[in-house]
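Take a look at the structure set out below.
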Amino acid sequence: MERCPWCGTDPLYVAYHDNEWGVPERDADRLFEFLILEGAQAGLSWITVLRKRENYRRAMDGFDPRRMARYDDAKVAGLLQDRGLIRNRLKMRAAVDNARAWLDLQEAGIDPVALLWDFVDGEPRVNRFQSLAEVPAVTPTAEAMSKDLKKRGFRFVGPTIMYAFMQAAGLVNDHLVSCPRHRDLA
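Residue numbers for the sequence shown, in the UniProt record's numbering: 1 to 186.
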(Lines of atoms letter the chains of each structure in order from A; the text may use other names.)
(Lines give C-alpha, C1' and ligand atoms only; values in the text may rest on other atoms or scores of the structure.)
Protein backbone atom coordinates (compact mmCIF):
# COMPACT_ATOMS: atom_id res chain seq x y z
CA MET A 1 0.00 0.00 0.00
CA GLU A 2 1.15 3.52 -0.69
CA ARG A 3 0.13 7.04 0.29
CA CYS A 4 -2.20 9.17 -1.72
CA PRO A 5 0.00 10.50 -4.56
CA TRP A 6 -1.01 14.15 -4.10
CA CYS A 7 1.34 14.59 -1.13
CA GLY A 8 4.46 13.66 -3.08
CA THR A 9 7.68 13.42 -1.09
CA ASP A 10 7.91 16.84 0.57
CA PRO A 11 8.34 16.01 4.29
CA LEU A 12 5.91 18.74 5.37
CA TYR A 13 3.26 17.50 2.95
CA VAL A 14 3.83 13.85 3.90
CA ALA A 15 3.49 14.66 7.62
CA TYR A 16 0.29 16.59 6.92
CA HIS A 17 -1.10 13.68 4.90
CA ASP A 18 -0.11 11.08 7.49
CA ASN A 19 -1.18 12.96 10.62
CA GLU A 20 -3.86 15.54 9.81
CA TRP A 21 -5.61 15.29 6.46
CA GLY A 22 -8.87 13.43 6.79
CA VAL A 23 -8.70 12.98 10.56
CA PRO A 24 -12.16 13.79 11.95
CA GLU A 25 -11.74 17.13 13.71
CA ARG A 26 -14.28 18.27 16.27
CA ASP A 27 -12.22 20.91 18.07
CA ALA A 28 -13.68 24.37 17.39
CA ASP A 29 -10.30 26.11 17.33
CA ARG A 30 -8.83 23.64 14.82
CA LEU A 31 -11.93 23.74 12.61
CA PHE A 32 -11.80 27.53 12.56
CA GLU A 33 -8.11 27.39 11.62
CA PHE A 34 -8.87 24.99 8.76
CA LEU A 35 -11.66 27.27 7.56
CA ILE A 36 -9.37 30.29 7.47
CA LEU A 37 -6.49 28.43 5.84
CA GLU A 38 -8.69 26.84 3.19
CA GLY A 39 -9.93 30.32 2.27
CA ALA A 40 -6.33 31.55 2.08
CA GLN A 41 -5.48 28.63 -0.20
CA ALA A 42 -8.04 29.55 -2.88
CA GLY A 43 -6.24 29.56 -6.23
CA LEU A 44 -2.95 28.35 -4.73
CA SER A 45 -1.45 25.00 -3.86
CA TRP A 46 -2.02 23.63 -0.37
CA ILE A 47 1.72 23.20 0.18
CA THR A 48 2.04 26.99 -0.12
CA VAL A 49 -0.38 27.37 2.79
CA LEU A 50 1.29 24.62 4.82
CA ARG A 51 4.63 26.38 4.50
CA LYS A 52 3.05 29.59 5.82
CA ARG A 53 0.81 28.04 8.51
CA GLU A 54 3.12 28.80 11.44
CA ASN A 55 3.39 32.40 10.24
CA TYR A 56 -0.41 32.59 10.14
CA ARG A 57 -0.66 31.19 13.66
CA ARG A 58 1.81 33.80 14.89
CA ALA A 59 0.39 36.76 13.00
CA MET A 60 -3.28 35.91 13.59
CA ASP A 61 -3.16 35.33 17.33
CA GLY A 62 -3.31 31.55 17.04
CA PHE A 63 -6.52 31.84 14.98
CA ASP A 64 -8.42 33.08 18.03
CA PRO A 65 -11.69 34.30 16.49
CA ARG A 66 -12.31 36.68 19.42
CA ARG A 67 -9.08 38.52 18.70
CA MET A 68 -9.33 38.29 14.92
CA ALA A 69 -12.86 39.74 14.94
CA ARG A 70 -11.40 42.94 16.45
CA TYR A 71 -8.81 43.44 13.69
CA ASP A 72 -9.19 46.92 12.25
CA ASP A 73 -7.96 48.34 8.96
CA ALA A 74 -4.54 49.14 10.46
CA LYS A 75 -4.08 45.55 11.65
CA VAL A 76 -5.13 44.19 8.24
CA ALA A 77 -2.71 46.60 6.55
CA GLY A 78 0.06 45.30 8.79
CA LEU A 79 -0.81 41.69 7.96
CA LEU A 80 -0.65 42.54 4.27
CA GLN A 81 2.97 43.64 4.75
CA ASP A 82 3.94 40.32 6.36
CA ARG A 83 5.91 38.28 3.80
CA GLY A 84 5.15 35.13 5.79
CA LEU A 85 1.47 35.35 4.83
CA ILE A 86 -0.49 35.23 1.60
CA ARG A 87 -0.82 38.94 1.02
CA ASN A 88 -4.23 39.18 -0.57
CA ARG A 89 -6.48 41.92 0.77
CA LEU A 90 -9.74 40.11 -0.03
CA LYS A 91 -8.60 36.92 1.68
CA MET A 92 -7.34 38.83 4.71
CA ARG A 93 -10.58 40.79 5.09
CA ALA A 94 -12.52 37.53 4.65
CA ALA A 95 -10.55 35.98 7.52
CA VAL A 96 -11.61 38.85 9.79
CA ASP A 97 -15.21 38.69 8.58
CA ASN A 98 -15.23 34.93 9.10
CA ALA A 99 -14.05 35.37 12.67
CA ARG A 100 -16.98 37.73 13.24
CA ALA A 101 -19.41 35.30 11.58
CA TRP A 102 -18.04 32.43 13.73
CA LEU A 103 -18.66 34.49 16.87
CA ASP A 104 -22.11 35.50 15.59
CA LEU A 105 -23.01 31.81 15.41
CA GLN A 106 -21.91 31.28 18.99
CA GLU A 107 -23.74 34.38 20.20
CA ALA A 108 -26.90 33.05 18.50
CA GLY A 109 -26.51 29.81 20.46
CA ILE A 110 -25.29 27.81 17.46
CA ASP A 111 -22.29 25.56 17.95
CA PRO A 112 -20.17 26.00 14.79
CA VAL A 113 -18.75 22.50 15.19
CA ALA A 114 -22.20 20.93 15.33
CA LEU A 115 -23.37 23.08 12.42
CA LEU A 116 -20.52 21.90 10.19
CA TRP A 117 -20.80 18.24 11.22
CA ASP A 118 -24.58 18.29 10.71
CA PHE A 119 -23.93 18.47 6.96
CA VAL A 120 -22.63 14.87 7.17
CA ASP A 121 -25.08 13.76 9.88
CA GLY A 122 -22.35 13.87 12.50
CA GLU A 123 -20.22 11.09 10.99
CA PRO A 124 -17.44 11.17 8.39
CA ARG A 125 -18.47 10.04 4.94
CA VAL A 126 -16.13 7.30 3.82
CA ASN A 127 -15.50 7.28 0.10
CA ARG A 128 -13.79 4.45 -1.74
CA PHE A 129 -11.92 6.15 -4.54
CA GLN A 130 -9.35 4.12 -6.47
CA SER A 131 -7.64 7.05 -8.21
CA LEU A 132 -7.27 10.81 -7.84
CA ALA A 133 -9.29 11.23 -11.04
CA GLU A 134 -12.35 9.91 -9.17
CA VAL A 135 -12.13 12.43 -6.32
CA PRO A 136 -14.58 15.29 -6.94
CA ALA A 137 -13.71 18.96 -6.49
CA VAL A 138 -17.26 19.72 -5.34
CA THR A 139 -20.19 17.73 -3.97
CA PRO A 140 -23.82 18.61 -3.29
CA THR A 141 -23.00 18.58 0.43
CA ALA A 142 -20.18 21.09 -0.07
CA GLU A 143 -22.52 23.24 -2.15
CA ALA A 144 -25.12 23.19 0.64
CA MET A 145 -22.48 24.01 3.27
CA SER A 146 -21.17 26.88 1.16
CA LYS A 147 -24.64 28.32 0.63
CA ASP A 148 -25.46 28.10 4.33
CA LEU A 149 -22.21 29.71 5.47
CA LYS A 150 -22.50 32.52 2.92
CA LYS A 151 -26.01 33.20 4.20
CA ARG A 152 -24.51 33.50 7.69
CA GLY A 153 -21.92 36.08 6.60
CA PHE A 154 -18.90 33.91 5.83
CA ARG A 155 -16.69 34.72 2.84
CA PHE A 156 -14.25 32.69 0.75
CA VAL A 157 -16.36 29.62 1.46
CA GLY A 158 -17.30 28.58 -2.08
CA PRO A 159 -18.20 24.95 -2.77
CA THR A 160 -14.70 23.95 -3.88
CA ILE A 161 -13.16 25.53 -0.78
CA MET A 162 -15.74 23.85 1.42
CA TYR A 163 -15.08 20.44 -0.09
CA ALA A 164 -11.35 20.89 0.53
CA PHE A 165 -12.27 21.89 4.10
CA MET A 166 -14.40 18.76 4.48
CA GLN A 167 -11.50 16.61 3.28
CA ALA A 168 -8.94 18.32 5.52
CA ALA A 169 -11.14 18.24 8.64
CA GLY A 170 -12.21 14.64 8.15
CA LEU A 171 -15.87 15.24 7.39
CA VAL A 172 -15.11 12.99 4.43
CA ASN A 173 -12.45 10.32 4.09
CA ASP A 174 -11.05 10.84 0.60
CA HIS A 175 -7.83 8.93 1.08
CA LEU A 176 -7.56 6.50 -1.80
CA VAL A 177 -8.37 2.92 -0.83
CA SER A 178 -4.76 2.02 -1.69
CA CYS A 179 -3.54 4.43 1.04
CA PRO A 180 -3.03 3.01 4.55
CA ARG A 181 -4.70 6.10 6.02
CA HIS A 182 -7.98 5.17 4.33
CA ARG A 183 -8.20 2.02 6.40
CA ASP A 184 -6.91 3.76 9.55
CA LEU A 185 -9.63 6.41 9.34
CA ALA A 186 -12.52 4.25 8.05
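No residue lacks a Cβ here, since even glycine has one placed at the ideal position from N, Cα and C. Predicted model only: the values in this text are computed from it and were never measured.
- Message: Is the separation between the beta-carbon of Trp-6 and that of Arg-181 shorter than 9 Å?
- Response: no
- Item | Endpoints, the alpha helix (DSSP H) within which Leu-31 is located | 28-41
- Query: Looking only at DSSP bridge pairs, what is Arg-155 linked to?
  - Reply: DSSP lists no partner for Arg-155.
- Message: Going by DSSP, what residue range makes up the alpha helix (DSSP H) through Met-60?
- Response: Here Met-60 belongs to no alpha helix (DSSP H), and DSSP marks it neither H nor E.
- Message: Threshold first: 4 residues or longer. Then list the alpha helix (DSSP H) segments lying entirely within the segment 67-134, N to C.
- Response: 73-80, 89-107, 112-118
- Rounded separation between Leu-176 and Leu-115 - CA only: 27 Å
- Task: Determine the extent of the alpha helix (DSSP H) in which Asp-18 is found, giving its start and end residues.
- Result: 11-19
- Item | Cα-Cα separation between Ser-146 and Gly-62, rounded to whole angstroms | 24 Å
- Message: Just checking: is the beta-carbon of Val-120 within a distance shorter than 9 Å of some beta-carbon in chain B?
- Response: Going by chain labels, chain B is absent from the structure shown, which holds only one protein chain.
- Message: If I measure Cβ to Cβ from Val-13 and keep anything under 6 Å in the same chain, skipping five residues before and after, which residues do I get?
- Response: Looking at the sequence shown, residue 13 is not Val but Tyr. The answer, listed in chain order, is Cys-7, Ile-47.
- Query: Looking at the structure shown, is Val-172 part of a helix, part of a strand, or coil, going by DSSP?
  - Reply: strand
- Is Arg-183 helix, strand or coil by DSSP? helix
- Item | Three CB pairs or more closer than 8 Å across the segment 130-138 and the segment 59-74 | no
- Message: By the three-class DSSP mapping on this structure, what secondary structure does Cys-7 have?
- Response: helix
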